[in-house]
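In what follows, a structure is listed as structure tokens, so that the remarks can point back to it.
Chains as they are written, first to last, in UniProt numbering: chain F, 1 to 342; chain R, 1 to 283.
Next up, the structure:
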């Protein structure tokens, strides 16, 4: 292998990784290269193959094809060496719900070779750092969603891992708990741990990851830094609602000229969406600048706008831009919209 | 409901202290890797904690065995041995073997319920001796078998069971039974991993346990059975265990039956252990 055990090789390197479940090619030839000490985002919808990829890298699933190396160790042949360097926080709480917070952490500490005393000490320190001291003696099944995530991550960093897998760490959390999870992840990364993060949310990848791979139907469809990815997608979309449905054709024309971008007519007869071409050029013509100019154009033409918003590109928009086809669950509505546009 | 608890809980949840978190993360050296025995015992401790938190699960090792002793002693006692107090001398060691063998199937249920949970992913991604998770279950279950044995023997003594082997003989019988059940439980770890649902585990275990326990010498002596049935009964591992335990408790030393019991135990572990681990690694 090119990569070896010495420092400097990539944390993760895969070539043509494949996993099939029956007829379904869940992971279909994934090539990744993830440098040490970085946060790498794996972005994609449900069923894209993110979790399957992570499970193979964490030695929980055996690949059906291709190769994967973690710190230079083959995930199949040297699974044990990989296991001693990585830690996994699964999509669902990877802790024992019947046990208390303390018991969970002590269990894992004991399993990784800490003495009884050291285990209890470490558990208490971690619980304190995660703001869970008061809940230490309660069974995890009685924890709130945010607390579960914390104990879960605490369990993952009980022994500072060299590589941490975070599989959709904030799915189902309220915004506040979400921010706290992000804070924790940043603290972990600051200590030099490499993080592989899977997420369905572009903003999460944006907040945490330095490089992102977009994955769909088991394949990596785009890969690059955040900037590169955004440039390929456009910075966002302006959603406009008009007071008067009859003015929509005029508005469409104006927006198309002002933004120099595709304008989509929504099923709602007064609504339109325009993607803002956002290479985010530095000379005062960022996406919001462009959008406000376009809105001014509408006002000048006497078209009354009831409501407007400028959104970051959603995952659907990323998909639309990258594949030309939306994610599965939206396929029908998007197809209708396209027809209407045509 | 859940949203209500969320909103009341979130604000009072203490903030994450990132600076102390950073301090904790700095320590990168890991302690030396624990050996197979240590990790197995730790998983056994986990099983004990589960009993502590969910004591209701002890119902099957207390109420069920008591029911078995009472039912069979008074139901068959008069017909088979003249009186319940005479029958219990023959029956109790056997019914002990039967009850404890039957409760081994709960291992399968526990594995089946647990394996779908996220915590198994964590165990499986740890650099430890792989079978220790399963051995931990069985160690926890051994404690349950011991508890069931004590409960049944106590009830038996109250009902008039007077073993000639005294305490050493009874203790030796219980130890042999627990060794056998520890080995026999590997059937259930395998079934627990193989079946998709709890119900599947239940029905398979009934299919296996009923013939295995009833077609033995637990209730009646094999001499009373037709020849073809005797052939099965005499080669049934449960018959060997029951005979060995009965003789030990009666104060003798049934070398041959003990050897059969330990032999079967070794076969169960040697064959089903690797099968279980194969399934476990594939999950």
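Cβ coordinates follow ideal geometry from the N, Cα and C atoms, glycine included.
Fair warning: this is a prediction, and the values are worked out from it, not measured in the lab.
query: Which residues share a DSSP beta bridge with residue 87/F?
result: 164/F
message: Let me check understanding here. Comparing Cα to Cα, which of 255/R, 196/R, 93/R lies closest to residue 110/R?
response: 196/R
message: Can you tell me where the beta strand (DSSP E) holding residue 215/F begins and where it ends?
response: 211-216
message: Taking the beta strand (DSSP E) that residue 75/F belongs to, which residues open and close that run?
response: No beta strand (DSSP E) contains residue 75/F, which DSSP labels as neither H nor E.
message: Residues in the same chain with beta-carbon distance under 8 Å from residue 281/F, minus the five sequence neighbours each way, listed in chain order, please.
response: In this prediction, residue 281/F has a pLDDT of 48, which is less than 50 and means its spatial position is unreliable; nothing more can be read from the coordinates.
query: Would you report the Cα separation of residue 81/R and residue 34/R, rounded to the nearest angstrom?
result: 54 Å
Close Cβ partners of residue 66/F (< 8 Å) along its chain, the five nearest in sequence each way excluded: 14, 15, 16, 17, 18, 29, 30
- request: Would you give the residue range spanned by the beta strand (DSSP E) that residue 19/F belongs to?
  value: 12-21
message: For residue 276/F and residue 236/F, which I take to be in contact (beta-carbon distance under 8 Å), what is that distance rounded to the nearest angstrom?
response: 5 Å
field: Beta-carbon proximity list for residue 154/F, same chain, < 6 Å, skipping 5 on both sides
entry: 126, 130
- prompt: Buried or exposed: residue 264/F, going by 16 or more other Cβ atoms within 10 Å of its Cβ?
  reply: buried
- prompt: Can you tell me where the alpha helix (DSSP H) with residue 106/R in it begins and where it stops?
  reply: 105-115
task: Work out the CA separation of residue 259/F and residue 311/F for me, nearest whole Å.
output: 15 Å
message: Does the CB of residue 86/F have a neighbour CB from chain R at under 8 Å?
response: yes
field: chain F contacts from the segment 120-150 of chain R (Cβ-Cβ distance under 7 Å)
entry: 121, 122, 124, 125, 126, 127, 128
message: Once DSSP output is grouped into helix, strand and coil, what is the label at residue 281/F?
response: Any reading at residue 281/F must be qualified, since the residue scores a pLDDT of 48, below 50, and its modelled position is unreliable; no value is offered.
task: Tell me whether residue 221/R sits in a helix, a strand or coil according to DSSP, three-state version.
output: coil
Candidates 48/F, 255/F, 165/F: closest to residue 217/F by CA position: 48/F
query: At a Cβ cut of 7 Å, what residues of the segment 32-59 of chain F count as close to chain A, listed as they run along the chain?
result: In the structure shown, chain A cannot be found, because the protein chains are F and R.
- request: For residue 112/F, return the contacting residues in chain R, with the cut-off set at a CB-CB distance below 9 Å.
  value: 30, 31, 33, 34, 126, 127, 128
query: Residue range of the beta strand (DSSP E) that residue 159/F falls in?
result: Taken as a continuous stretch (DSSP letters only), residue 159/F belongs to no beta strand (DSSP E), as it is neither H nor E.
- request: Rounded to whole angstroms, what's the CA-CA distance from residue 83/F to residue 59/F? Just pull it up for me.
  value: 7 Å
message: Helix, strand or coil for residue 14/R? Go by DSSP, reduced to three states.
response: coil
field: Contact under 8 Å by Cβ, residue 65/R with residue 148/R
entry: yes
- prompt: Can you tell me the Cα-Cα spacing of residue 91/R and residue 97/F, whole angstroms?
  reply: 41 Å
query: Taking Cβ-Cβ distances shorter than 7 Å, what residues in chain R pair up with residue 191/F?
result: 22, 25, 26
Residue 172/F, buried or exposed, once every other Cβ within 10 Å from all chains shown has been counted against 16: exposed
query: Who are the neighbours of residue 50/R on chain F, taking C-beta pairs under 7 Å?
result: 98
message: Is there a C-beta anywhere in chain F that falls below 8 Å from the one on residue 108/R?
response: no
message: Can you check whether the C-beta of residue 125/F is within less than 8 Å of a C-beta belonging to chain R?
response: yes
- prompt: For the segment 100-152 of chain F, which segments carrying the alpha helix (DSSP H) assignment without a break, of at least 4 residues, lie completely within its bounds, in sequence order?
  reply: 101-111, 116-129
- request: Decide if residue 16/R is buried, meaning its Cβ has at least 16 other Cβ atoms within 10 Å, or exposed.
  value: buried
message: As a quick exercise: from 260/R, 253/R, 230/R, pick the residue whose alpha carbon is nearest that of residue 240/R.
response: 260/R
field: Range covered by the alpha helix (DSSP H) that runs through residue 51/F
entry: 50-57
task: Express the C-alpha separation of residue 230/F and residue 203/F in angstroms, rounding to a whole number.
output: 11 Å
query: With a CB to CB cut of under 7 Å and the five nearest residues on each side skipped, what residues in its chain are close to residue 62/F?
result: 76
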